[in-house]
Amino acid sequence: VLEKIREQNPGKRILLVLDKHGSHRCKHTRKRAHQLGIDLIFIPSGSPHLNPIEQVWKYLKWTMAPIVVESEAEFKDLV
């Protein structure tokens with residue numbers, strides 16, 4: 004993913020904003036980002052309002068939780 008971001012933004016400064024998921028903070032990710040000239044910025048813990056995808060998950064959780072589906076295909080149709 005980091006390579007694709009760099010490829011799509013050649014010669015530009017990249018600030019990548021991430022939550023503190025383990026895969027985002029691991030040594031490999033930080034090293035590769037540095038090699039590609041990508042600066043990683045981490046959202047503070049306990050700040051879901053700064054991470055827009057959290058609002059999507061919240062909506063899906065409350066909308067989908069009471070629904071019972073019979074198959075994966077039916078679930079995909081709902082989403």
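Quick note on the numbering used here: the sequence shown kicks off at 4 and runs consecutively. Just so it is clear, CB atoms sit at the ideal spot from N, CA and C, and this is done for glycine as well. Just so it is clear, the structure is predicted and the values come from calculations on it, not from any experiment.
Does the Cβ-Cβ distance between Ile-46 and Asn-54 come in under 8 angstroms? By one-based count along the sequence shown, residue 46 stands at place 43. By one-based count along the sequence shown, residue 54 stands at place 51. In this structure, the beta-carbon distance from Ile-46 to Asn-54 falls below 8 angstroms.
Host alpha helix (DSSP H) of Leu-53 (start-end): By one-based count along the sequence shown, residue 53 stands at place 50. Here Leu-53 belongs to no alpha helix (DSSP H), and DSSP marks it neither H nor E.
Member of Lys-15, Lys-23, Ile-17, Val-82 whose CA lies at the smallest distance from the CA of Ser-50: Position 47 of the sequence shown, counted from the start, is the residue given in the question as residue 50. The candidate whose alpha carbon is nearest that of Ser-50 is Lys-23.
Using alpha carbons as the reference points, say which of Val-82, Val-59, Trp-60 lies closest to Ile-70. What you label residue 70 is simply residue 67 of the sequence shown in a count that begins at 1. Cα-wise, what sits closest to Ile-70 is Val-82.
Should Ile-8 go down as buried or exposed, given a rule of 16 or more other Cβ atoms within 10 Å for buried? Locating residue 8 in the sequence shown gives position 5, where the first residue counts as 1. With fewer than 16 other Cβ atoms from the protein chains shown falling within 10 Å of its own Cβ, Ile-8 counts as exposed.
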